[in-house]
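Read the structure below first, then the notes.
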Ligand SMILES: Nc1ncnc2c1ncn2[C@@H]1O[C@H](COP(=O)(O)OP(=O)(O)OP(=O)(O)O)[C@@H](O)[C@H]1O
Ligand SMILES: [Mg+2]
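What follows is the structure in structure tokens.
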């Protein structure tokens with residue numbers, strides 16, 4: 009049968025609606041999940057909102073222009089009822105991934121059987137999202153670190169005195185305590201470095217020699233240059249004269265980092281800012297680069313520039329903004345900080361008072377002296393390692409129960 013049909017072009021889709029349609033919309037209730045999704049799904053058309061599956065269902069009643077939905081079912085007594093409600097308004101071609109506090113494999117299987125794209129038990133981290141969720145939602149291969157070397161974490165202060173050295177030292181110690189792994193603390197401020205002073209030890213010339221001339225740094229370098237902080241943590245630092253003309257080479261930096269990554273599970277680096285070109289390999293090899301700032305105009309301005317520098321050197325998904333000494337009298341209000349950064353800081357450590365400075369003067373790690381520091385470092389340790397932290401209490405608080 010021939011039908012006389014006028015050929016009509018399909019109604020032209022506006023660019024706006026096409027853009028809306030490839031959105032990945034996330035409803036989560038805590039900053040760490042939001043940060044993990046932001047980093048892990050970086051590069052996609054991502055919208056992150058505060059809320060749970062109920063908020064997602066409500067949104068879908070009026071807005072179904074999206075490619076995928078990621079939402080939170082933690083704390084729900086009957087998640088399947090909520091999922092039915094969601095399914096009744098969610099177009100079948102929208103991929104749905106969930107995060108939640110149930111860790112049972114049978115629960116996971118039930119969810120997969122009803123057609124969900126993925127389920128991730130909390131806590132989620134950037135690496136979990138990169139490895140498990142990203143391939144299913146975005147489709148590209150996760151940029152995984154495929155060698156077995158230690159995990160490098162760089163700590164950089166956006167402004168002087170932001171707390172980079174304090175955080176580097178205590179993070180190294182807490183990482184070792186939590187994971188029972190071996191941790192190296194590498195201080196790349198060869199002149200005026202403060203890690204050694206804060207730990208009450210005196211470094212030798214080994215690090216400078218190795219960084220200047222990698223041919224001279226064999227495996228014995230570590231035996232000579234590493235100072236034991238405790239059973240699991242070693243400090244590798246220098247103490248060169250202020251008028252020393254250092255000639256640190258990129259090859260030297262690569263070599264030293266390579267040696268450390270063979271021997272230690274984690275390498276926490278106190279990085280000088282601005283970065284000399286010779287230490288770019290450290291940023292490139294880092295899985296996490298923490299940009300620390302205080303709630304000051306200088307910190308905000310520099311944090312922006314520092315984040316850009318890290319992104320240019322190593323990619324956007326590595327950078328985490330850490331607001332230190334939050335709530336310090338005279339500091340900028342949180343709303344100003346969020347506005348200037350363009351997002352919530354990924355991590356926050358409050359001002360912990362004079363005990364932090366006392367610890368410096370005593371030459372002991374602040375973890376031993378300031379109660380509360382451990383609790384505030386826990387989410388950072390969790391982001392880096394994927395282990396630790398009290399999930400249940402956290403969810404209850406986030407859900408306002
Ligand atoms: N969360 C905090 N609460 C209170 N005091 C803190 C906090 N973090 C760091 N401090 C204190 O701030 C001071 C500066 O810290 P630190 O030396 O670690 O900063 P930095 O960024 O390494 O400085 P620099 O630019 O000199 O390298 C120290 O006295 C430290 O004890
Ligand atoms: Mg310092």
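Numbering (my numbering), first residue to last: 9 to 409.
Each residue gets a CB set at the ideal place from its N, CA and C atoms; glycine is no exception.
The structure presented is a predicted model; accordingly, all values stated were derived computationally and were not measured.
Element boundaries [alpha helix (DSSP H), containing residue 219]: Element bounds for residue 219: 214–220.
Alpha carbon to alpha carbon, how far is residue 227 from residue 393? The alpha-carbon atoms of residue 227 and residue 393 are separated by roughly 27 Å.
Which of the three DSSP states is assigned to residue 103 in this structure? Secondary structure of residue 103 (DSSP, three-state): strand.
Please tell me whether, using a cut-off of 7 Å, the distance from the CB of residue 172 to the nearest non-hydrogen atom of ligand 2 is below it. Because some heavy atom of ligand 2 lies under 7 Å away, the Cβ of residue 172 counts as near it: yes.
What number of angstroms, rounded off, separates the C-alpha of residue 177 from the C-alpha of residue 203? Using only the alpha carbons, I get a separation of about 7 Å.
Please return the same chain residues whose Cβ sits closer than 7 Å to the Cβ of residue 409, not counting the five positions on each side in sequence. Residue placement at residue 409 is poorly supported in this model, since its pLDDT is 27, which falls under 50; the coordinates still yield a value, given next. For residue 409, the CB contacts under 7 Å within the same chain, skipping 5 residues up- and downstream, are 83 in chain order.
Quick check for students: name the residue ranges of the alpha helix (DSSP H) that lie wholly in the segment 215–295, counting only runs of 4 or more. Within the segment 215–295, the complete alpha helix (DSSP H) runs of at least 4 residues are 228–233, 258–271 and 288–293.
Sorted by chain position, which residues of the same chain lie with C-beta nearer than 8 Å to residue 349's C-beta, five sequence neighbours on each side aside? So the qualifying residues of the chain are 308, 311, 312 and 329.
Three or more C-beta pairs below 8 Å linking the segment 240–251 and the segment 186–195: With the cut-off at 8 Å, the segment 240–251 and the segment 186–195 touch.
Using 8 Å for Cβ pairs, my map puts residue 75 next to residue 102. What's the rounded Cβ distance? The pair is a contact, with the Cβ atoms about 7 Å apart (cut-off 8 Å).
Other residues of its chain near residue 220: CB distance less than 8 Å, five sequence neighbours each side excluded: Taken in chain order, the residues that qualify are 254, 255, 256, 257 and 260.
Below 7 Å, is the gap between the Cβ of residue 278 and the nearest heavy atom of ligand 2? Yes - ligand 2 has a heavy atom lying nearer than 7 Å to the Cβ of residue 278.
Between 359, 40 and 318, which lies nearest to residue 58 when the distance is taken from Cα to Cα? Taking only the C-alpha atoms, the option nearest residue 58 is 40.
What is the rounded straight-line gap between the Cα of residue 303 and the Cα of residue 119? Going from the Cα of residue 303 to the Cα of residue 119 covers about 43 Å.
Less than 7 Å separating the Cβ of residue 202 from some heavy atom of ligand 3? Ligands in the displayed structure: ligand 1 and ligand 2; ligand 3 is not one of them.
Same chain, Cβ closer than 7 Å to residue 62, five either side skipped, listed in chain order: Here residue 62 has 90 as same chain residues with Cβ atoms under 7 Å from its own Cβ, once five neighbours each way along the sequence are excluded.
Reduced DSSP secondary structure (H/G/I, E/B, other) of residue 108: Three-state DSSP puts residue 108 in a strand.
On the DSSP letters alone, give me the boundaries of the beta strand (DSSP E) that residue 162 sits inside. DSSP places residue 162 inside the beta strand (DSSP E), whose first and last residues are 159–165.
Quick one: is residue 9 buried, meaning 16 or more other Cβ sit within 10 Å of its Cβ, or exposed? In this prediction, residue 9 scores a pLDDT of 41, lower than 50, which makes its location untrustworthy; the coordinate-derived value is nonetheless stated afterwards. With fewer than 16 other beta carbons inside 10 angstroms of its own, residue 9 counts as exposed.
In terms of alpha-carbon separation, which member of 77, 72, 292 and 68 lies closest to residue 56? Closest by alpha carbon: 77.
Which one or two residues does DSSP pair with residue 126 in a beta bridge? BP columns for residue 126 point to 105.
For a test of your reading of the model: does the CB of residue 357 fall under 7 Å from any non-hydrogen atom of ligand 1? Yes or no. Residue 357: yes, Cβ under 7 Å from ligand 1.
So for residue 346, helix, strand or coil by DSSP? Note: residue 346 maps to helix in three-state DSSP.
With DSSP as the reference, label residue 53 as helix, strand or coil. DSSP places residue 53 in strand when its eight states are reduced to three.
Roughly how many angstroms separate the alpha carbons of residue 339 and residue 321, rounded to a whole number? Residue 339 and residue 321 have their C-alpha atoms spaced approximately 30 Å apart.
Boundaries of the alpha helix (DSSP H) in which residue 187 is found, first to last residue: Taken as a continuous stretch (DSSP letters only), the alpha helix (DSSP H) holding residue 187 covers 172–187.
Just verifying my parser: in three-state terms, what is the DSSP assignment at residue 389? For residue 389, the three-state secondary structure derived from DSSP is helix.
Between residue 178 and ligand 1, is there a pair consisting of the residue's CB and a ligand heavy atom that are separated by less than 7 Å? Answer for residue 178: no, Cβ out of range of ligand 1.
For residue 86 and residue 69, I'd like the C-alpha separation in whole angstroms. Cα atoms of residue 86 and residue 69: separation of roughly 21 Å, rounded to the nearest angstrom.
Alpha carbon of residue 223 to alpha carbon of residue 294, nearest angstrom: Taken atom to atom, the span from the alpha-carbon of residue 223 to that of residue 294 is near 24 Å.
If I follow the unbroken beta strand (DSSP E) through residue 329, where does it start and stop? From DSSP, the beta strand (DSSP E) with residue 329 extends over 327–334.
Roughly how many angstroms lie between the CA atoms of residue 110 and residue 129, to the nearest whole one? In a straight line, the C-alpha of residue 110 is about 6 Å away from that of residue 129.
By the DSSP assignment, the beta strand (DSSP E) with residue 373 in it spans what residues? Where residue 373 is concerned, there is no enclosing beta strand (DSSP E), given that its DSSP letter is neither H nor E.
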